[in-house]
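In what follows, a structure is listed as structure tokens, so that the remarks can point back to it.
In this note's numbering, the protein residues as written are 1 to 149.
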């Protein structure tokens, strides 16, 4: 039986309702956050590119593989992101002096400036994403999500 638009569906025989499932809720929140991020950064940077710049700013020069792990990206994805950021002059790579098989990624002066420009914007994005919650709820949500991640 079809459900009219806007009408809450009935739970299944097993009591399952999609609207109450964590994965579905997280996906909707992620979509909302992505829209807020895109509106703020526009075509300047993608979320993974921003994470790369922010983490390099925080950590300093880091192996490409470690950088990927720090921001939860696989080796192929982080390589593509670093390549695109390098073309834009934001990052540079060099062989690791201790292990020539490793690539070290560092911010350029332009990359540091781009990261510094983006921090206030990124904070506004987080604030807007969390706007429906009060300060206590925000802290609780962040704590709970970190425990799950």
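For each residue, glycine too, the CB sits at the ideal point set by N, CA and C.
(message) Tell me the residue span of the alpha helix (DSSP H) that contains residue 38.
(response) 22 to 41
(message) Between the alpha carbons of residue 18 and residue 24, how many angstroms are there, rounded?
(response) 7 angstroms
(message) Let me make sure I understand the geometry here. Which of 13, 36, 53 has the alpha-carbon closest to that of residue 86?
(response) 53
(request) Count the other C-beta atoms from every protein chain shown that fall within 10 angstroms of the C-beta of residue 68, then say buried if there are 16 or more, exposed otherwise. (result) buried
(request) In the DSSP assignment, find the unbroken alpha helix (DSSP H) run with residue 83 in it and report its ends. (result) 75 to 87
(message) For the alpha helix (DSSP H) containing residue 10, name the first residue and the last one.
(response) No alpha helix (DSSP H) contains residue 10, which DSSP labels as neither H nor E.
(request) Would you kindly report the start and end of the unbroken beta strand (DSSP E) that includes residue 93? (result) 91 to 96
(message) Please classify residue 232 as buried or exposed, where buried requires at least 16 neighbouring CB atoms within 10 angstroms.
(response) Since the first residue of the chain shown is 1 and the last is 149, residue 232 is not available in this structure.
(request) Taking residue 92 as the reference, give the member of 112, 138, 107 with the closest Cα. (result) 107
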